[in-house]
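The block underneath contains the structure these notes are about, expressed in structure tokens.
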Amino acid sequence: MWLFSKKNKVKRKREGIPFLRKPLPKKHERHIGAEEKKKDAGSQYIIFFLWTLFFLTIGYLFLFSSFTCLETIEVSGTENIKSERIVKSIHGALSGKYMRIFPQCALGLIRMQSLVEKLQEAYPLIEHISMERIFPNRMHIDITERQYILLWNTEGNQYLVDEAGVTHDATSALLEENQPFLITLSDVSGKSFSVGEKVLNPEYIQFLFALVRTFPSMTEITLLSHFTIVSPFADELRGLSSEGWEVYFNTSIPLEKSLSTLTLLLETKLPPSKRQNIGYIDLRTENRVYYTFRDGTDGEISSLPVDTSKSNDTQDVKKKKEK
Numbered sequence: 034m035w036l037f038s039k040k041n042k043v044k045r046k047r048e049g050i051p052f053l054r055k056p057l058p059k060k061h062e063r064h065i066g067a068e069e070k071k072k073d074a075g076s077q078y079i080i081f082f083l084w085t086l087f088f089l090t091i092g093y094l095f096l097f098s099s100f101t102c103l104e105t106i107e108v109s110g111t112e113n114i115k116s117e118r119i120v121k122s123i124h125g126a127l128s129g130k131y132m133r134i135f136p137q138c139a140l141g142l143i144r145m146q147s148l149v150e151k152l153q154e155a156y157p158l159i160e161h162i163s164m165e166r167i168f169p170n171r172m173h174i175d176i177t178e179r180q181y182i183l184l185w186n187t188e189g190n191q192y193l194v195d196e197a198g199v200t201h202d203a204t205s206a207l208l209e210e211n212q213p214f215l216i217t218l219s220d221v222s223g224k225s226f227s228v229g230e231k232v233l234n235p236e237y238i239q240f241l242f243a244l245v246r247t248f249p250s251m252t253e254i255t256l257l258s259h260f261t262i263v264s265p266f267a268d269e270l271r272g273l274s275s276e277g278w279e280v281y282f283n284t285s286i287p288l289e290k291s292l293s294t295l296t297l298l299l300e301t302k303l304p305p306s307k308r309q310n311i312g313y314i315d316l317r318t319e320n321r322v323y324y325t326f327r328d329g330t331d332g333e334i335s336s337l338p339v340d341t342s343k344s345n346d347t348q349d350v351k352k353k354k355e356k
């Protein structure tokens, strides 16, 4: 009884250890397993080699081969700048090599931001540029042009001012081809500035450009392209009309309101026969305008309360006559 139960315990114990019951692989089976491992390792090396070859080929195409060298450049959005000049400038900028090895014209190596900066420096009329690479050797460029080029004049120095009010080198802006688009703003405060400084608020620049656009249509008088500012921190702008008199604006007063005031003054108090002797017209006070003469009555200033509704009626009458 005791012996029988002991054998059963040993049997159950052996049954509980499965690896003892598993037979060892035979010699030929071990040989087959080693060969399969060698085959797996060999296939991995082949795959690695193929991927390496693929990336080396791609790298060669992008870095050395003329296959991806920029050839076709499509330019859109230009009106006053000839597309051919843009294309020529880009090819000229990409004619060299990096480290005397890598061609700059390779599509994957083109430094887009650097190219944008070079174009904006060479062509001040360019406000914004967007570039798109098109594989294998094409590029599309979309350009937004400025309507005006703002030139800041202070202490005998001139700077190009962008829409954010930041100064830039004005060498290209002073070229003869850009003269029709130039608006000069002279600072008489004597404060000096350097390239990269912010001299104006964007709102001030928007006011100036809007004034240049709308003044002729509302007054039938043109403004010269040269303006004066007493301080970059003052809300004041001075312009000179084609009739020879100055006009002062407050940039914190809506432009339409100031021009309506001026239009009413010219129609009611200052007809063309009296404007030859005007020294200046001051619109810096809201709903009131001051003007002075140069011919013996200099210093005698009259004020005029303005009803803007009358000015609006006058504008409506003008529009009806034109129709």
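For the sequence shown, the working numbering assigns the number 34 to the initial residue and increments by one for each residue that follows. Yeah, the Cβ is synthetic: ideal placement off N, Cα and C, and Gly gets one too.
Coarse secondary structure for residue i, derived from DSSP in three states
| i | result |
| --- | --- |
| Met-172 | strand |
| Gly-141 | helix |
| Thr-284 | coil |
| Gly-291 | According to the sequence provided, residue 291 is Ser. The question's Gly does not apply to it. Reduced to three states, the DSSP call for Ser-291 is helix. |
| Thr-252 | helix |
| Lys-151 | helix |
| Ser-109 | strand |
| Phe-135 | strand |
| Asn-211 | helix |
Neighbour-count burial assignment, residue i, 16 or more Cβ in a 10 Å radius
| i | result |
| --- | --- |
| Pro-235 | exposed |
| Phe-248 | buried |
| Ser-128 | exposed |
| Arg-327 | exposed |
| Trp-185 | buried |
| Glu-188 | exposed |
| Asp-202 | exposed |
| Lys-177 | A small correction: the amino acid at residue 177 is Thr; Lys does not occupy that position in the sequence shown. The residue is exposed, with fewer than 16 neighbouring Cβ atoms inside 10 Å. |
| Gln-239 | exposed |
Pairwise C-alpha distance: residue j and residue i
| i | j | result |
| --- | --- | --- |
| Thr-301 | His-259 | 28 Å |
| Met-145 | Asp-195 | 20 Å |
| Met-172 | Met-164 | 7 Å |
| Thr-284 | Gly-198 | 15 Å |
| Pro-136 | Gln-191 | 37 Å |
| Gln-348 | Phe-242 | Confidence at Gln-348 is low in this model, with a pLDDT of 47, below 50, so the placement of that residue should be treated as unreliable; the coordinate-derived value is given next. Taking the straight line joining both Cα atoms gives about 22 Å. |
| Arg-118 | Gly-141 | 23 Å |
Strand pairing of residue i, partner residues [DSSP]
| i | result |
| --- | --- |
| Thr-199 | According to the sequence displayed, residue 199 carries Val and not Thr. According to DSSP, Val-199 bridges with Lys-231. |
| Phe-326 | Ile-311 |
| Lys-130 | Pro-136 |
Range covered by the beta strand (DSSP E) that runs through residue i
| i | result |
| --- | --- |
| Gly-125 | Where Gly-125 is concerned, there is no enclosing beta strand (DSSP E), although the alpha helix (DSSP H) it sits in stretches over 116-126. |
| Val-194 | 190-194 |
| Trp-278 | Taken as a continuous stretch (DSSP letters only), Trp-278 belongs to no beta strand (DSSP E), as it is neither H nor E. |
Any chain B beta carbon closer than 8 Å to residue i
| i | result |
| --- | --- |
| Thr-105 | Protein chains in the displayed structure number just one, and chain B is not present. |
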